[in-house]
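For the sequence shown, the numbering used here gives the first residue as 590, with consecutive numbering after it.
Just so you know, even glycine gets a beta-carbon here, dropped at the ideal spot from N, CA and C.
Here is the structure we will look at, set down as structure tokens.
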Amino acid sequence: MRKWLFFAPLAIFLAVSVFLYTGLFSDPWSRDSALLNRPMPEFDLPDLMQPQQRWNRELLTGEPFLLSVWGVWCPTCKAQLRFMTELREQGIPIIGLYYPLPVDPAFGDHFSLGQLQRDVQRELAYFGDPYQFNILDENRRLSFDLGVSGSPETFLVDADGTIRMHHVGDLNPRVWRNLFAPAFEELQQASLAYQGAKP
């Protein structure tokens, strides 16, 4: 019994050392989504620029696409817009999920759709507009269901509406080339083959 007590501090030290060592060399941006290989959550949300248009999961099926969580308040989101616009020009479908900051009436905050639309138009006109359209997640319910912790975050969704990849941080040429491009091409080929096989 006394021998075990003698080695206990050493065992604890080794366990803590291994934990800290793995954390030291892990990628802080790498976080697997619990929704990988699962359908997108159900939702019914308005279009940011045309609120009378509503979007839901079924309307987004048919081809693989990128779902980009972003906001004009986010500097990193602005930094990725030019490259993402290049992707759109190459035929990559990108849908924006606008992630607004919370408002607090106690501090005089209030949500103004008109002001937000003007801010978004200004930013996209200056930095580039990669989005086919933007879904407004005013209460951040879909973002919460997706497990979003901030922005930017990018999801790769297949033609059936299943989430196949999730990336936290900016979408830049290196991330696209090494992470998204091979998976997107594979999903696109599978989608085209399925459409060609339909009678």
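{"Item": "Minimum C-alpha distance to Pro741 - residue among Glu647, Ala772 and Leu655", "Value": "Leu655"}
{"Item": "Euclidean distance between Cα positions of Ser780 and Leu649", "Value": "14 Å"}
{"Item": "Spatially closest choice to Phe632 from Leu776, Gly651, Thr674 and Leu686, by CA coordinates", "Value": "Leu686"}
{"Item": "Burial state of Pro640, where buried means 16 or more other Cβ atoms lie within 10 Å", "Value": "exposed"}
{"Item": "Contact the region 699-707 vs the region 662-674: 3+ CB pairs below 8 Å", "Value": "no"}
{"Item": "Alpha helix (DSSP H) runs contained entirely in the region 682-757, provided each spans 4 or more residues", "Value": "702-716 and 730-735"}
{"Item": "For Leu625 and Phe672, the rounded distance between their alpha carbons", "Value": "25 Å"}
{"Item": "Residue closest to His756, alpha-carbon to alpha-carbon, out of Arg729, Pro628 and Phe769", "Value": "Phe769"}
{"Item": "For Phe654, the three-state DSSP class (helix, strand or coil)", "Value": "strand"}
{"Item": "Own chain partners of Leu776 with C-beta closer than 8 Å, once the 5 adjacent residues on each side are dropped", "Value": "Pro653, Leu745, Asp747, Ala748 and Arg753"}
{"Item": "Cβ shell of Gln721 (< 7 Å), same chain only, five flanking positions each side left out", "Value": "Pro682, Ile683 and Ile684"}
{"Item": "Terminal residues of the beta strand (DSSP E) in which Pro635 lies", "Value": "Asp633 to Pro635"}
{"Item": "Within 9 Å, strictly: CB atoms of Leu670 and Gly717", "Value": "yes"}
{"Item": "Identity of the residues DSSP links to Pro628 by a beta bridge", "Value": "Thr751"}
{"Item": "Trp765 in three-state terms, based on DSSP", "Value": "helix"}
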